[in-house]
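J.:
Residue numbers (the working numbering), protein chains in the order written: chain A, 226 to 336; chain B, 190 to 841.
1) May I ask you to list, following chain order, the residues of the region 230-252 of chain A that have a beta carbon less than 7 Å from some beta carbon of chain B?
2) Looking only at C-alpha atoms, which of 319(A), 288(A), 312(A) sits nearest to residue 258(A)?
3) Which residue wins for smallest C-alpha separation from residue 209(B), given the options 763(B), 247(B), 350(B), 236(B)?
4) Tell me, to the nearest whole angstrom, how far the beta carbon of residue 337(A) is from that of residue 236(A); I am working on the premise that it is less than 8 Å.
5) Please compile the residues from chain A whose C-beta is within a distance smaller than 9 Å of the C-beta of residue 811(B).
6) By the criterion of Cβ-Cβ separation under 8 Å, what are the contact partners of residue 313(A) in chain B?
7) Under three-state DSSP, which class holds residue 292(A)?
8) Which residue from 623(B), 604(B), 600(B) puts its Cα closest to that of residue 652(B)?
9) Compute the Euclidean distance between the alpha carbons of residue 216(B) and residue 239(B), then round it to the nearest angstrom.
10) Is the shortest distance between the beta-carbon of residue 709(B) and the beta-carbons of chain A less than 9 Å?
11) Ordered along the chain, which non-local residues of its own chain (more than five positions away) have a Cβ less than 6 Å from that of residue 821(B)?
12) What span of residues does the beta strand (DSSP E) with residue 728(B) cover, start to end?
13) Just checking residue 741(B) against the ligand GTP - is the residue's beta carbon closer than 8 Å to any of the ligand's heavy atoms?
14) Taking only the alpha-carbon atoms, compute the straight-line gap between residue 694(B) and residue 551(B) and give it to the nearest angstrom.
15) Check whether the region 607-620 of chain B touches the region 639-651 of chain B, taking contact to mean three or more Cβ pairs, one atom from each stretch, closer than 8 Å.
16) Among 579(B), 824(B), 511(B), 819(B), whose alpha-carbon lies nearest the alpha-carbon of residue 836(B)?
17) So, with DSSP's three-state summary, where would you put residue 304(A)?
18) Do residue 707(B) and residue 673(B) have their C-beta atoms closer together than 9 Å?
19) If you draw a straight line from the alpha carbon of residue 275(A) to that of residue 624(B), how long is it in whole angstroms?
20) Using a beta-carbon distance below 9 Å, is residue 756(B) in contact with chain A?
21) Could you work out which residue in 719(B), 370(B), 746(B) is closest to residue 816(B) when comparing CA atoms only?
22) Measuring only between beta-carbons, confirm whether residue 258(A) sits less than 9 Å from chain B.
23) Enumerate, from N- to C-terminal direction, the unbroken beta strand (DSSP E) stretches of 3 or more residues contained entirely within the region 387-443 of chain B.
24) Anything in the region 268-301 of chain A with a Cβ closer than 7 Å to a Cβ of chain B? List those residues in chain order, please.
25) Please list, in chain order, the chain A residues whose beta carbon lies closer than 9 Å to that of residue 816(B).
26) My assumption, with CB atoms under 8 Å, is that residue 399(B) sits in contact with residue 355(B). Please give the rounded CB distance.
27) Identify every residue that forms a DSSP beta bridge with residue 173(B).
28) By the criterion of Cβ-Cβ separation under 7 Å, what are the contact partners of residue 727(B) in chain A?
29) Considering only residues of the same chain and omitting the five flanking positions on each side of residue 715(B), which have a CB-CB separation below 6 Å?
30) Which bits of chain A does residue 738(B) rub up against, with CB to CB less than 7 Å?
31) List, in chain order, every chain A residue whose beta-carbon is nearer than 8 Å to that of residue 742(B).
32) Residue 329(A) and residue 304(A): beta carbons closer than 9 Å?
33) From residue 761(B) to residue 812(B), what does the alpha carbon distance come to, in whole angstroms?
34) Using only CA atoms, which one of 388(B), 403(B), 448(B), 446(B) lies nearest to residue 427(B)?
35) Excluding five sequence neighbours on each side, which residues of the same chain lie with their C-beta closer than 8 Å to the C-beta of residue 284(A)?
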């Protein structure tokens with residue numbers, strides 16, 4: 226799994242995830258989200274366009290980022306969620322508490 | 190004018206001045222200097238080259254005058270001679286260095302020509318004699334007896350004398366450099382030698398190796414001067430030490446080479462033995478309508494003491510044999526071949542298991558008792574038409590007869606001692622009717638004695654329990670599953686035993702299922718391999734299934750279960766993820782066995798997800814429960830964990 230990010234503004238960052246988000250890679254996403262939030266990001270958009278598979282460890286990393294940014298009065302958004310990741314989110318009911326957008330653009334523009 | 194003429198003239202002319210004869214004593218012979226008489230050190234450009242000395246005491250001599258004159262005279266001599274003498278000495282050193290270089294070059298050449306130590310040493314001792322101007326040169330090889338010593342001599346040093354001398358020198362450990370007969374007495378009692386130089390050869394693999402050069406006085410004699418000129422010095426010492434290092438390396442290399450060659454030869458022989466042993470196993474098992482037979486053997490090393498044999502006897506009976514010769518490796522493997530041949534030949538004439546074992550023991554006893562080996566044998570004779578089975582068990586692990594009709598597990602215990610212990614044995618045999626759905630499982634103790642790190646054994650109960658875990662499988666699949674489970678159980682075992690397993694049971698008819706056995710290291714890295722196996726398993730059945738949400742869910746459940754075992758059962762410690770995928774028109778099943786910690790939670794009473802959405806973790810079991818149509822986990826009697834997941838295909 227590869228991670229890269231774009232700073233849209235000082236407070237808004239898009240984090241692109243590419244590959245499988247599972248037990249092997251989840252810790253990397255968790256660490257990167259925390260770093261971006263520590264550096265001032267208050268709106269973190271996780272772009273799942275390139276993610277073909279998410280397991281419960283991957284979901285845990287997302288929940289961890291969500292809690293971390295909420296404690297700092299920020300906001301977490303998921304964008305471009307593919308088929309399998311959506312299945313995983315639905316099965317765990319996480320689709321109910323996460324803001325999910327069809328694309329990064331839609332997520333960036335939404336308030 | 191030559192140096193010595195100049196010196197003679199100079200000394201003669203000084204005699205009157207000192208009232209005594211004068212002598213020039215070169216630096217090389219300090220013993221010639223009588224330090225009680227007045228003497229003066231000769232130095233030229235900071236380098237000493239000898240002494241100017243009076244040779245007799247003169248009564249009433251004025252010590253001050255004598256010393257002043259000696260200094261003055263000495264300085265003149267130094268100026269006149271110093272350059273010459275030092276230049277000459279330098280020349281000698283250069284010559285020596287040159288000789289040394291040429292010598293080492295020759296040594297290297299000799300060494301490069303062959304790897305045979307003896308011939309290298311033979312040429313080396315000759316070289317040493319030439320270069321060191323020695324009467325004899327000796328190199329003792331590892332072993333230290335006369336045979337192993339290469340000697341270059343004119344014959345005056347007997348082999349025996351050299352051997353004794355070498356042993357004394359070897360005890361010394363350090364370089365010995367002696368230039369007078371008296372000091373050589375320690376090594377050669379009769380005072381034959383004038384000088385000797387001996388260096389110990391440092392070797393990793395051999396001790397008591399010495400390289401030495403000697404000079405001695407030949408008939409006709411040598412003058413003292415001659416002896417002095419032949420004395421060994423520090424340059425000789427350094428050269429010989431360099432050669433000894435080289436020889437040490439040669440000896441080590443030769444030994445390494447010898448060991449390697451031996452191990453390559455040994456390895457080749459083992460491979461042949463393994464191939465022979467493999468060829469003795471039945472290439473094809475007999476086909477019996479309505480029944481399936483599966484068998485396999487896995488030695489711990491390349492060859493083993495276990496074997497199985499299944500064949501149709503002339504009488505139409507089927508012989509089923511599993512035997513275990515005590516011990517492992519080549520000796521046991523050799524005996525398995527004889528045992529197999531003897532049993533086969535006995536069964537040409539008889540189909541009574543007890544008689545066959547008695548006769549086999551009688552034939553094999555003389556050979557087996559000689560080498561202190563014995564063999565355990567389980568032998569069954571099955572008549573497919575009538576279902577009659579008879580068996581005898583010579584000290585082998587009890588075989589399991591699972592009787593489908595009653596659900597009874599019958600253990601076929603030993604009926605006699607193993608073969609090869611007594612000349613005559615008493616044995617019994619048993620008979621019964623083998624039902625169409627019964628299963629016979631004969632195994633060697635490599636299965637039942639698989640051991641955990643904390644000393645628990647798999648046992649015959651482990652075998653029985655595993656066999657029942659997934660009923661109704663083709664026996665080939667059961668065999669692989671049972672062996673994988675045994676290896677999962679004994680994963681930390683230092684050295685296991687050969688494993689042999691023979692199963693006979695009902696043929697699975699019209700089987701549309703696909704099976705994939707697996708056993709992988711329990712690491713996160715191996716999850717990908719597991720997913721690939723799963724993917725190929727499902728695609729084999731129907732490639733279209735891979736594209737469905739049904740597959741997404743099944744793959745996710747598999748990933749969750751495997752991750753759970755790695756993380757919580759094994760706690761990331763090494764182990765095996767073992768199991769079986771099965772798929773049919775109705776359903777997919779995923780069976781997992783692990784040797785990790787017990788799962789203490791409950792799948793039925795999971796906390797509702799709605800209440801815990803913001804907890805990190807704990808989603809895995811929810812995913813499994815929601816995606817699969819059946820899921821249960823149990824702790825087996827052996828201490829293994831067994832997970833069974835099921836997903837119906839019709840529900841997609």
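For each residue, glycine too, the CB sits at the ideal point set by N, CA and C. Every value quoted in this text rests on a predicted model; they were computed, and no experiment measured them.
T.: So, from the listed chains and residues:
1) Listed in sequence order: 247, 248, 249.
2) Here the question's residue 258(A) lines up with position 33 in the first chain. For the set 319(A), 288(A), 312(A), the Cα lying nearest the Cα of residue 258(A) is the one of 288(A).
3) The count along the second chain starts at 1 and reaches residue 209(B) at position 20. Minimum Cα distance to residue 209(B) is reached at 247(B).
4) Any answer about residue 337(A) is impossible in this case: the structure gives chain A only from 226 up to 336.
5) Here residue 811(B) refers to the residue found at position 622 of the second chain. Here the neighbours are 281, 316, 317, 318.
6) In the first chain, residue 313(A) corresponds to position 88, counting from 1. Think of a sphere of 8 Å around the beta carbon of residue 313(A): the chain B residues whose beta carbon falls inside it are 745, 812, in chain order.
7) For the purposes of this step, residue 292(A) is identified with residue 67 of the first chain, where counting begins at 1. DSSP places residue 292(A) in helix when its eight states are reduced to three.
8) For the purposes of this step, residue 652(B) is taken as residue 463 along the second chain, with counting starting at 1. Cα-wise, what sits closest to residue 652(B) is 600(B).
9) To locate residue 216(B), count along the second chain from 1; it is residue 27. To locate residue 239(B), count along the second chain from 1; it is residue 50. Near 4 Å, if we compare the C-alpha coordinates of residue 239(B) and residue 216(B).
10) Locating residue 709(B) in the second chain gives position 520, counting from the first residue. It does not: the Cβ of residue 709(B) has no partner Cβ on chain A nearer than 9 Å.
11) In the second chain, counting from the first residue as 1, residue 821(B) sits at position 632. 833.
12) Within the second chain, numbered from 1, the residue matching residue 728(B) stands at position 539. First-last for residue 728(B): 716-730, but that is the alpha helix (DSSP H), not the beta strand (DSSP E).
13) This structure simply doesn't include the ligand GTP, nor any ligand for that matter.
14) For the purposes of this step, residue 694(B) is taken as the residue at position 505 of the second chain. For the purposes of this step, residue 551(B) is taken as the residue at position 362 of the second chain. Roughly 33 Å separates the two Cα atoms.
15) no
16) In the second chain, the residue the question calls residue 836(B) occupies position 647. Nearest option by C-alpha distance: 819(B).
17) The residue labelled residue 304(A) in the question sits at position 79 within the first chain. Residue 304(A): strand per DSSP, three-state reduction.
18) Here residue 707(B) corresponds to residue number 518 of the second chain, with the count starting at 1. Here residue 673(B) corresponds to residue number 484 of the second chain, with the count starting at 1. Yes, these two residues count as a Cβ contact at 9 Å.
19) Stepping through the first chain from its first residue, residue 275(A) is reached at position 50. Stepping through the second chain from its first residue, residue 624(B) is reached at position 435. Whole-angstrom Cα-Cα distance: 58 Å.
20) As a working mapping, residue 756(B) is identified with position 567 in the second chain. Yes, its Cβ sits closer than 9 Å to a Cβ of chain A.
21) By one-based count along the second chain, residue 816(B) stands at place 627. It is 746(B) whose Cα lies nearest to the Cα of residue 816(B).
22) By one-based count along the first chain, residue 258(A) stands at place 33. No, residue 258(A) does not count as interfacial toward chain B.
23) 399-405
24) 280, 281, 282, 284, 285, 288, 289, 292
25) Sequence index remark: in the second chain, residue 816(B) carries index 627 (1-based). Ordered by position in chain A, the residues that pass the 9 Å Cβ test against residue 816(B) are 312, 316.
26) Position 210 of the second chain, counted from the start, is the residue given in the question as residue 399(B). Position 166 of the second chain, counted from the start, is the residue given in the question as residue 355(B). Residue 399(B) to residue 355(B), Cβ: 5 Å. Contact.
27) Since the first and last residues shown for chain B are 190 and 841, residue 173(B) lies out of range.
28) Within the second chain, the letter at position 538 stands for residue 727(B). Per Cβ cutoff of 7 Å: no residues; residue 727(B) is ~15 Å from chain A at best.
29) As a working note, residue 715(B) is residue 526 in the second chain. These residues qualify, in order along the chain: 709.
30) On the second chain, position 549 is the one that residue 738(B) refers to. Result: 312.
31) Position 553 of the second chain, counted from the first residue, corresponds to residue 742(B). Around residue 742(B), the beta-carbon contacts reaching into chain A at under 8 Å are 312, 316.
32) Along the first chain, one-based indexing puts residue 329(A) at 104. Along the first chain, one-based indexing puts residue 304(A) at 79. A distance below 9 Å separates the beta carbons of residue 329(A) and residue 304(A).
33) By 1-based counting over the second chain, the position of residue 761(B) is 572. By 1-based counting over the second chain, the position of residue 812(B) is 623. Cα to Cα, residue 761(B) sits roughly 21 Å from residue 812(B).
34) Counted from its first residue, the second chain places residue 427(B) at position 238. Of the candidates 388(B), 403(B), 448(B), 446(B), the one whose C-alpha sits nearest the C-alpha of residue 427(B) is 388(B).
35) Sequence index remark: in the first chain, residue 284(A) carries index 59 (1-based). Excluding residues within five positions, the ones whose Cβ falls inside 8 Å are 313, 314, 317, 319.
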